[in-house]
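Using the numbering used here, you'd call the opening residue of the sequence shown number 982 and step up by one each time. We put the beta carbon where it would ideally sit given N, CA and C, even for glycine. This report refers to the structure that appears directly beneath it.
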Amino acid sequence: MNRFNEGLELCLARLYVHQSAPDGFRERIESAKNVAEPSKEHAMAEISRLPGPVADLWEWQYDGACRRADPTIFFHPEGERGPTRRRRDEAAKAVCAGCPVMQQCRSHALQVREPYGVWGGMTEDEREQHYAVAKQRDGFSAAI
């Protein structure tokens, strides 16, 4: 039995009354209580020594104008259509228009193929249109 299962059984044992435990369960719990500290082969990495995330890749998000706006204008509720959706999209795009990191946001959304919401002043449909044009252009270039 691995240490995870032993720990899980120990936690479960604390939730259940020992009298209702199945045969052999109490013995396994008692042996799990006496498990020594993890050996080197089971030791976890010292997190403080691991390299941190590359902040340059995402730090631009701190400067986004959207951080000061209502997030619901950037993501449509399920089933929203027609003029209501267009008005919400236009409100989100207005926030994006004055954003100092709009280009980084747009590049990010296009690169990761962000499926939902308004990113970098582009709606979901506009991004899909962008992908389709890029695919046609790449297909045309490959044919030459």
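For residue i, three-class secondary structure by DSSP
i	result
W1039	coil
V1099	coil
E1059	coil
R1094	coil
G1079	coil
Nearest neighbour of residue i, chosen from the options [CA to CA]
i	options	result
Q1084	R1118, G1102, R1048	G1102
L1038	Q1092, A1113, R1108	Q1092
C1077	R1118, V1035, Q1042, A1036	Q1042
P1058	R1069, A1050, E1107	R1069
D1106	A1075, R1067, C1080, Q1117	R1067
A1050	R1087, C1080, R1118	C1080
C1047	T1065, G1063, A1075	A1075
Beta-carbon separation (whole angstroms), residue i vs residue j, contact threshold 8 angstroms
i	j	result
V1082	G1045	5 angstroms
I1054	A1072	5 angstroms
Sub-8 angstroms separation of residue i and residue j beta-carbons
i	j	result
W1100	A1115	no
Y1112	F1056	no
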